[in-house]
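Peer 1: The following block contains the structure, expressed as structure tokens.
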Amino acid sequence: MKVSELGEFGLIDLLAIMISDSKINQVAPNQLIIGIGDDAAAWRSDPSIQLATVDSMVQDVHFSLDTTSWRELGWKSLAINLSDIAAMGGVPTYALVALALPETTEVDDITKLYEGMIELARESQVAVVGGNISRSPVVSVTITVLGSSLANKILRRSTAKPGDTIAVTGHPGSAAAGLEMLKNKLALPPETARYLRDAFLHPVPRLAEGQLLAKRGVITAIDISDGLLSDLRHICEASQVSARLNVDLLPIHPAVKENFGKKARELALSGGEDYELLFTAAAAVVERIRAEMEHPVTVIGKITAGEHGKISLFDAGGRPVKMGQMGWEHF
Numbered sequence: 034m035k036v037s038e039l040g041e042f043g044l045i046d047l048l049a050i051m052i053s054d055s056k057i058n059q060v061a062p063n064q065l066i067i068g069i070g071d072d073a074a075a076w077r078s079d080p081s082i083q084l085a086t087v088d089s090m091v092q093d094v095h096f097s098l099d100t101t102s103w104r105e106l107g108w109k110s111l112a113i114n115l116s117d118i119a120a121m122g123g124v125p126t127y128a129l130v131a132l133a134l135p136e137t138t139e140v141d142d143i144t145k146l147y148e149g150m151i152e153l154a155r156e157s158q159v160a161v162v163g164g165n166i167s168r169s170p171v172v173s174v175t176i177t178v179l180g181s182s183l184a185n186k187i188l189r190r191s192t193a194k195p196g197d198t199i200a201v202t203g204h205p206g207s208a209a210a211g212l213e214m215l216k217n218k219l220a221l222p223p224e225t226a227r228y229l230r231d232a233f234l235h236p237v238p239r240l241a242e243g244q245l246l247a248k249r250g251v252i253t254a255i256d257i258s259d260g261l262l263s264d265l266r267h268i269c270e271a272s273q274v275s276a277r278l279n280v281d282l283l284p285i286h287p288a289v290k291e292n293f294g295k296k297a298r299e300l301a302l303s304g305g306e307d308y309e310l311l312f313t314a315a316a317a318v319v320e321r322i323r324a325e326m327e328h329p330v331t332v333i334g335k336i337t338a339g340e341h342g343k344i345s346l347f348d349a350g351g352r353p354v355k356m357g358q359m360g361w362e363h364f
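The sequence shown stops at residue 364 when you use my numbering, and every number in between is there.
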């Protein structure tokens, strides 16, 4: 059945039933007053700092239905927003979902999209409390996520200081390698292909990791959506500092090294869409976090005084590395 046959309100009713049956909106029943079904959602908020973020996934701009399943689209559309909350060290609470769809879209495809979204919402304890549906030439999913801080502590881009250690979670470059694999239809070993596909289409927002950073005294962080270099530059510009990065310390996943060779470093530095956390703090704080966090944390450089926004790349021997070799021109 096409969405044009079911109609806007029929589709809204169907999705409302899916959300109700999933019970994801019962995570904070004492705070949520009105969810789906009225002109606006309503809830009681606690006195902590409130957070809000919004992001879109537009067909043939951010994703292709040739390489992305509807379930993966649902998961990733929510994940990229939750990652912004993670980058602030926050706790997500509510999501609003706006869909723009061609008339010929199959209803079954939209239910699969919501299955992926609901799966992540359940894991992250997020309630889907409303949204909108409209007609469009292409598929677009726009999600707004609301959240709150832990004990009024938030992570910012503008608080890095000279002398801070630069660290990153996970394995930057894996998502970009997954995109390369899908775009170029690379035949890789099944386990490698599965890892790279998930890295690109099934990213895990680092919510627990961001909350741990905030608890342990980190005040500067960003999620890696645009690429490690680009996002580090965002921190440096906002904090009015510069940075030195050791490219030989980049925690590139073995599967990326083995299958992409010399290009692996470029993917790690400028690929983007990893949704890992890049943060700065005093060396002792970073070491404490490395010991405590279950997810990998790697030290990759230092914040320095100097030209605002400038990032200098070096190898393990202290030799400068030209930025052009790292894909800097992509930005």
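No residue lacks a Cβ here, since even glycine has one placed at the ideal position from N, Cα and C.
When you compare the CB positions of Asn51 and Tyr147, do they come within less than 8 Å of one another, or not?
Peer 2: Residue 51 sits at position 18 when you count from the first residue of the sequence shown. Residue 147 sits at position 114 when you count from the first residue of the sequence shown. Going by the sequence as given, residue 51 is Met instead of Asn. Their beta carbons are under 8 Å apart, which means Met51 touches Tyr147 by this criterion.
Peer 1: Considering Gly43, what are the terminal residues of the alpha helix (DSSP H) in which it resides?
Peer 2: Here residue 43 refers to the residue found at position 10 when the sequence shown is read from its first residue. Per DSSP, Gly43 is one residue of the alpha helix (DSSP H) stretching across Glu41 to Ser55.
Peer 1: Any idea what DSSP makes of Glu139, helix, strand or coil?
Peer 2: Position 106 of the sequence shown holds residue 139. Collapsing the DSSP output to three states places Glu139 in a strand.
Peer 1: Would you report the Cα separation of Thr202 and Asp79, rounded to the nearest angstrom?
Peer 2: Locating residue 202 in the sequence shown gives position 169, counting from the first residue. Locating residue 79 in the sequence shown gives position 46, counting from the first residue. Rounded to whole angstroms, Thr202 to Asp79 spans 30 Å at the Cα level.
Peer 1: I need the DSSP call for Tyr308, collapsed to helix, strand or coil.
Peer 2: As a working note, residue 308 is residue 275 in the sequence shown. DSSP places Tyr308 in coil when its eight states are reduced to three.
Peer 1: Check whether the Cβ atoms of Leu246 and Leu188 lie closer than 8 Å to each other.
Peer 2: On the sequence shown, position 213 is the one that residue 246 refers to. On the sequence shown, position 155 is the one that residue 188 refers to. Against a cut-off of 8 Å, the Cβ pair of Leu188 and Leu246 comes out as a contact.
Peer 1: What residue range does the alpha helix (DSSP H) around Leu300 cover?
Peer 2: Mapped onto the sequence shown, residue 300 falls at position 267. It spans Lys296 to Ser303 - the alpha helix (DSSP H) in which Leu300 sits, taken as one unbroken run.
Peer 1: Taking the beta carbon of Thr23 as the centre, do at least 16 other beta carbons fall within 10 Å, making it buried, or is it exposed?
Peer 2: Look at the range of the chain in this structure, 34 to 364, and you will see that residue 23 is not part of it.
Peer 1: Compare the C-alpha of Leu311 against each of Phe96, Val280 and Ile255 and name the closest.
Peer 2: On the sequence shown, residue 311 is found 278 positions in, with the first residue counted as 1. Closest option to Leu311, Cα to Cα, is Ile255.
Peer 1: With Lys355 as the anchor, note down where its alpha helix (DSSP H) starts and where it stops.
Peer 2: Residue numbering aside, residue 355 sits at position 322 when the sequence shown is read from its first letter. From DSSP, Lys355 is part of no alpha helix (DSSP H); its letter is neither H nor E.
Peer 1: Can you give me the C-alpha to C-alpha distance between Gln244 and Gly334, rounded to a whole angstrom?
Peer 2: Within the sequence shown, residue 244 is the residue found at index 211, counting from 1. Within the sequence shown, residue 334 is the residue found at index 301, counting from 1. So the two alpha carbons sit approximately 22 Å from each other.
Peer 1: Going by DSSP in three states, Met150 sits in which element: helix, strand or coil?
Peer 2: As a working note, residue 150 is residue 117 in the sequence shown. Residue state, collapsed to three classes: helix.
Peer 1: How many whole angstroms separate the CB atoms of Ser108 and Leu153, which I take to be in contact at a CB cut-off of 8 Å?
Peer 2: Position 75 of the sequence shown, counted from the start, is the residue given in the question as residue 108. Position 120 of the sequence shown, counted from the start, is the residue given in the question as residue 153. Note that residue 108 is Trp in the sequence shown here, rather than Ser. Between Leu153 and Trp108 the Cβ distance is about 5 Å, and since that is below 8 Å, they are a contact.
Peer 1: Please say whether Ile257 and Thr313 have beta carbons closer to each other than 8 Å?
Peer 2: To locate residue 313, count along the sequence shown from 1; it is residue 280. To locate residue 257, count along the sequence shown from 1; it is residue 224. No. Outside cutoff.
Peer 1: Helix, strand or coil: which one does DSSP assign to Gly122?
Peer 2: Start at 1 with the first residue of the sequence shown, and residue 122 comes out as number 89. In the structure shown, Gly122 sits in coil (DSSP, three-state: anything other than H, G, I, E or B).
Peer 1: Residues in its own chain within less than 6 Å of Phe233 by CB, not counting five upstream and five downstream?
Peer 2: Mapped onto the sequence shown, residue 233 falls at position 200. The residues are Ala208, Gly211 and Leu212.
Peer 1: Does DSSP classify Ile322 as helix, strand or coil?
Peer 2: Locating residue 322 in the sequence shown gives position 289, counting from the first residue. Looking at Ile322 - three-state DSSP - the assignment turns out to be helix.
Peer 1: Opposite Ala200 in the DSSP bridges: which residues?
Peer 2: Translated into positions along the sequence shown, residue 200 becomes position 167. Paired residue(s): Phe312 and Val332.
Peer 1: Could you tell me the distance, in whole angstroms, from the CA atom of Glu320 to the CA atom of Ser169?
Peer 2: For this step, residue 320 is matched to residue 287 along the sequence shown. For this step, residue 169 is matched to residue 136 along the sequence shown. C-alpha of Glu320 to C-alpha of Ser169: approximately 49 Å in a straight line.
Peer 1: Count the other CB atoms within 10 Å of the CB of Asp264; is the residue buried (16 or more) or exposed (fewer)?
Peer 2: If you number the sequence shown from 1, residue 264 lands on position 231. It is buried - the Cβ of Asp264 has at least 16 other Cβ atoms within 10 Å.
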